[in-house]
Amino acid sequence: MRNRWLAPAGLAAAALVVAACGSSTSSGGSGGGSATSPAAAPATSSAAASASGTSLETSKVGSATLLANSKGFTLYWFAPDTPTQSKCNGSCATYWPPVPAPATAMSGVKGTIGEITRSNGTKQATFNGHPLYTYAGDTKAGEAKGNGLNLSGGLWHDIVLSGSTSAAAAPQPKKSKSGAGGYGY
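Under the working numbering, read the sequence shown as residues 7 to 191, first letter to last.
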């Protein structure tokens with residue numbers, strides 16, 4: 007009789023583990039996947055912005071200067087996103103945490119900064135029309151392990167401000183003939 011309380015607690019813990027590992031059914035998809043995926047999303051690897059906003063800065067990774075947050079973590083864009091909507095929700099956002107808005111460009115960052123409202127009502131920073139994310143697989147400043155990955159239903163790209171990334175990296179978006187902001191539709 008003494009140990010009866012363990013069963014409900016154990017079931018609750020198991021439910022949390024299953025919920026954390028399950029895929030999201032929210033629209034805008036966190037489905038898809040690839041052979042590469044971090045084992046767990048570190049809580050502190052992707053820096054969260056302070057209540058006053060996010061600073062967009064530069065970070066040198068190899069021969070490229072990339073867009074980064076104030077802690078030097080590389081920022082990414084997701085190919086399926088549109089200039090007004092993030093397609094990374096649910097478990098996708100666990101591995102690719104959205105960069106909170108508002109954002110401010112620091113020295114060396116040239117581009118258009120904006121924000122969108124996510125499906126959960128929070129504000130997400132954008133750069134040149136791309137919603138911004140960090141990657142849980144980047145465990146320290148100056149890494150860009152998420153560049154070129156095909157996860158959560160699409161390709162992920164770092165944002166090159168100058169220089170070039172590795173040959174394996176996917177190219178930055180091209181301007182479409184329709185002038186739709188570089189998304190190719």
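Cβ coordinates follow ideal geometry from the N, Cα and C atoms, glycine included.
Scanning A99, G148 and T118 for the CA closest to the CA of A70 turns up G148.
G59 is positioned such that its CB atom lies no closer than 7 Å to that of T90.
DSSP places S69 in the coil class of the three-state scheme, outside both helix and strand. In the structure shown, A99 adopts helical secondary structure according to DSSP, grouped into three states.
The beta carbons of G152 and A85 sit about 12 Å from each other, so the pair does not count as a contact at 8 Å. Secondary structure note for V166: its beta strand (DSSP E) is the uninterrupted segment V166 to S168. Scanning V166, S113, H136 and S170 for the CA closest to the CA of A107 turns up H136.
Under the DSSP assignment, K129 falls in the beta strand (DSSP E) whose first and last residues are K129 to F133.
Residue environment analysis places S168 among the exposed positions, since fewer than 16 neighbouring C-beta atoms fall within 10 angstroms of its C-beta.
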